[in-house]
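Peer 1: The letter at position 352 of the sequence shown is residue 352 when you use full-length UniProt numbering, and the numbering goes up by one with no holes. One structure, as structure tokens, below. Some questions next.
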Amino acid sequence: MLYRSTRGGGEPLDFERVTLAGLAPDGGLYVPESWPSLSREAIAALRGLSYVDTAVAVMAPFVEGVLSREELKGLCTAAYGRFSHAAVTPLAQVDERHWLLELFHGPTLAFKDVALQLVGLLFERFLANRDTHLTVIGATSGDTGSAAIDALAGRAKVDIFMLHPAGRVSEVQRRQMTTVLAPNVHNIAIEGSFDDAQALVKAMFADQSFAGRFSLSAVNSINWARLMAQVVYYFYAAVRLGAPEREVAFSVPTGNFGDVFAGYVAAKMGLPIARLIVATNVNDILHRALSAGDYSVGTVTPTAAPSMDIQVSSNFERLLFDLHGRDGAALKQTMTGFEATKTMAIGANMRAGIADLLTSARIDPDGMALAMREAWQGSGQLIDPHTAIALAAAKSADVPADVPIVTLATAHPAKFPDAVERATGQRPPLPGRVGDLFARAERYDTLPATLEVIEAYIAERAVPA
Ligand SMILES: *Cc1c(COP(=O)(O)O)cnc(C)c1O
């Protein structure tokens, strides 16, 4: 299996190189040269398999030529052994037709653990045979930072520098990052917004003299390995609800379009998905794009679901690549235009190709709070704001009545206790496995949001390439 850039540049690379690189040098994202497919029989054979065995069956085609099935199984066993639920991503029933796919049983209580626990092990494994020391740089509004830090803490040949906006992540989120005291973990609180932090990371990647001194890498959802790991739970859930004989729909709380794109990949591989519902909050660029063809950047409105407060959805480019007939040169032209004007029209004929599979919904704060309240009153379930937005979208979706709808529950409610309490009157307790979070010592530095200061800080601590 080889991968190429969505913008057509460079040589095709194998899974190992693509994992370590993150972003392609021409600014594109890596995608497989073709979508592998699982036959109906192969999908039926997933029935009753453990999460790890399902993961091996689904991911094997993507790592072919780089990892054997045995090696893949070893890595999955280690990654998913750290989850607190034996089913790793269990389904919970909400009512006759609605289900929650609980993706928050990992170490940092958000779905990002499902991918990053594996990616941390892949990094270590691929670096073992190389004379390279990786410097991972990232910006986080909360969940990615803690999941990446947990996955990389103490691993050989990797340092991680994580920038978060000072005072603008929840205390649980900050402590999940700053109480990890492994010497290869470096937390930086930026005096600025998440956008400032993200702009600094982009500037460091673009600064050739800085980037040239270190082997920089990224762990945000542009990394293909993360998406690949997320394809697994679509199969795992659908098979439990009757696939391949029965179609299943999924509703996905969406920010960077990574999670829902993994569902698109599952559909491309042959999983009978009746519908993927792209749920957004009031930051609705994806809803406007899918429903009206209007992909134009506005300003971010902060909400109770911060992981969906985005304007540019980086993984949307992977879908656009398919919509451009997998023509990298054509997409490069489109993306260059978009980067200049911050707006892009997606023609009706292009949208028609995916309209049967992908629909969207925009849920406002009242709709979100109502979904939290109904879940609590109807089935005694506390759900987090991101999950609530997707559940509200699922309930308003126009999907045939005999198709079960699975809402991806992307965060544990205890990560957002204030919003949950406002909507339901219940304050969700932190699960035991993160119990003494508030008693642990923190370590981080607060720095101004200037490139020179941040680069100097990193250069002092990182290991040159
Ligand atoms: C990251 C995140 C999302 C958005 O996922 P994308 O892959 O960026 O679309 C939704 N909910 C939670 C809790 C998250 O942490």
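Even for Gly, the Cβ is constructed at its ideal location relative to N, Cα and C. Because the structure is a prediction, the values reported are computed rather than measured.
#1: According to the neighbour-count rule (16 or more other Cβ atoms, all chains shown, within 10 Å of its Cβ), is residue 176 buried or exposed?
#2: Run through the segment 400–463 for me and flag every whole alpha helix (DSSP H) of 4 or more residues, listed as ranges in chain order.
#3: Following the continuous alpha helix (DSSP H) through residue 113, name the residue where it begins and the one where it ends.
#4: Rounded to whole angstroms, what's the CA-CA distance from residue 266 to residue 453? Just pull it up for me.
#5: If you follow the alpha helix (DSSP H) that residue 185 is part of, which residue opens it and which one closes it?
#6: Which two residues bound the contiguous alpha helix (DSSP H) that contains residue 17?
#7: Who are the near neighbours of residue 196 in its chain, counting only those whose CB is closer than 8 Å to its CB and skipping five residues on each side?
#8: Please state the DSSP three-state secondary structure of residue 287.
#9: Are the beta-carbon atoms belonging to residue 253 and residue 279 less than 8 Å from one another?
#10: For the beta strand (DSSP E) that contains residue 495, what are its first and last residues?
#11: CB of residue 386 to nearest heavy atom of ligand 1: below 7 Å?
#12: Near residue 291, what residues of its chain come up, given a Cβ to Cβ distance below 7 Å and the 5 sequence neighbours on each side ignored?
#13: Would you call the segment 98–111 in contact with the segment 72–88, where contact means no fewer than 3 C-beta pairs closer than 8 Å?
#14: Could you name the residues of the same chain whose beta carbon sits closer than 8 Å to that of residue 91, not counting the 5 residues immediately before and after it, in chain order?
#15: Spell out the partners DSSP gives residue 344 in its beta bridges.
#16: Assuming contact is defined by CB atoms lying nearer than 8 Å, are residue 134 and residue 127 in contact in what I supplied?
#17: With hydrogens ignored, establish whether the beta-carbon of residue 368 is closer than 7 Å to any heavy atom of ligand 1.
#18: Counting pairs of beta carbons, one from the segment 2–21 and one from the segment 323–330, are three or more of them closer than 8 Å?
#19: Under 8 Å, Cβ to Cβ, is there at least one residue of chain B near residue 94?
#20: So residue 375 packs on residue 381, CB below 8 Å; how close in whole Å?
#21: For residue 135, which residues does DSSP report across the bridge?
#22: Say whether the segment 412–432 touches the segment 167–176, bearing in mind that this needs 3 or more beta-carbon pairs closer than 8 Å, one atom from each stretch.
#23: For residue 479, is the beta carbon positioned less than 7 Å from some heavy atom of ligand 1?
#24: Count the other CB atoms within 10 Å of the CB of residue 181; is the residue buried (16 or more) or exposed (fewer)?
#25: Grab the span of the alpha helix (DSSP H) containing residue 197 for me, first residue to last.
#26: Determine the extent of the beta strand (DSSP E) in which residue 99 is found, giving its start and end residues.
#27: Less than 8 Å between the beta carbons of residue 248 and residue 274, yes or no?
#28: Please look up how many angstroms separate the CB atoms of residue 192 and residue 151, rounded, as I've assumed it's under 8 Å.
Peer 2: With the given structure in hand:
#1: As a first step, residue 176 is located in the sequence shown; it is residue number 176 there, counting from the start. By the 10 Å Cβ count, residue 176 comes out buried.
#2: As far as the segment 400–463 is concerned, its whole alpha helix (DSSP H) runs of at least 4 residues are 417–424 and 451–461.
#3: Here residue 113 corresponds to residue number 113 of the sequence shown, with the count starting at 1. 112–128 is the extent of the alpha helix (DSSP H) around residue 113.
#4: Translated into positions along the sequence shown, residue 266 becomes position 266. Translated into positions along the sequence shown, residue 453 becomes position 453. So the two alpha carbons sit approximately 43 Å from each other.
#5: Stepping through the sequence shown from its first residue, residue 185 is reached at position 185. Counting along the chain, residue 185 falls outside any alpha helix (DSSP H), though it belongs to the beta strand (DSSP E) covering 185–191.
#6: Translated into the one-based positions of the sequence shown, residue 17 becomes position 17. Where residue 17 is concerned, the enclosing alpha helix (DSSP H) stretches over 15–21.
#7: Locating residue 196 in the sequence shown gives position 196, where the first residue counts as 1. 165, 190 and 449, listed in sequence order.
#8: Indexing the sequence shown from 1 puts residue 287 at position 287. It is helical.
#9: For the purposes of this step, residue 253 is taken as the residue at position 253 of the sequence shown. For the purposes of this step, residue 279 is taken as the residue at position 279 of the sequence shown. Result yes, Cβ atoms of residue 253 and residue 279 sit closer than 8 Å.
#10: Nothing about residue 495 can be read from this structure; the chain reaches only from 1 to 465.
#11: Taking the first residue of the sequence shown as position 1, residue 386 is located at position 386. Yes, ligand 1 has a heavy atom inside 7 Å of this Cβ.
#12: In the sequence shown, counting from the first residue as 1, residue 291 sits at position 291. Hits under 7 Å: 360.
#13: Judged by Cβ distances under 8 Å, the segment 98–111 makes contact with the segment 72–88, as three or more pairs qualify.
#14: For this step, residue 91 is matched to residue 91 along the sequence shown. Residues 99, 100, 101, 102, 237, 240, 241 and 406 of the same chain have their beta carbon placed closer than 8 Å to that of residue 91, with the five preceding and five following residues left out of the count.
#15: If you number the sequence shown from 1, residue 344 lands on position 344. Answer is 295.
#16: Counting from 1 along the sequence shown, the entry for residue 134 is found at position 134. Counting from 1 along the sequence shown, the entry for residue 127 is found at position 127. Yes, they are a contact pair.
#17: As a working note, residue 368 is residue 368 in the sequence shown. The nearest non-hydrogen atom of ligand 1 is 7 Å or more from the C-beta of residue 368.
#18: The segment 2–21 vs the segment 323–330: in contact.
#19: The structure shown contains no chain B, having only a single protein chain.
#20: Residue numbering aside, residue 375 sits at position 375 when the sequence shown is read from its first letter. Residue numbering aside, residue 381 sits at position 381 when the sequence shown is read from its first letter. Between residue 381 and residue 375 the Cβ distance is about 5 Å, and since that is below 8 Å, they are a contact.
#21: Taking the first residue of the sequence shown as 1, we reach residue 135 at position 135. Partner(s): 159 and 216.
#22: Cβ pair count under 8 Å is three or more, so yes.
#23: No information on residue 479 is available, as it lies outside the stretch 1 to 465 that the chain covers here.
#24: Taking the first residue of the sequence shown as 1, we reach residue 181 at position 181. Counting Cβ neighbours within 10 Å, residue 181 comes out exposed, since fewer than 16 surround it.
#25: Here residue 197 corresponds to residue number 197 of the sequence shown, with the count starting at 1. From DSSP, the alpha helix (DSSP H) with residue 197 extends over 194–206.
#26: Counting from one through the sequence shown, the residue named residue 99 turns up at place 99. It spans 98–102 - the beta strand (DSSP E) in which residue 99 sits, taken as one unbroken run.
#27: Start at 1 with the first residue of the sequence shown, and residue 248 comes out as number 248. Start at 1 with the first residue of the sequence shown, and residue 274 comes out as number 274. In contact: residue 248 and residue 274 (Cβ atoms closer than 8 Å).
#28: Sequence index remark: in the sequence shown, residue 192 carries index 192 (1-based). Sequence index remark: in the sequence shown, residue 151 carries index 151 (1-based). About 26 Å; that fails the 8 Å criterion.
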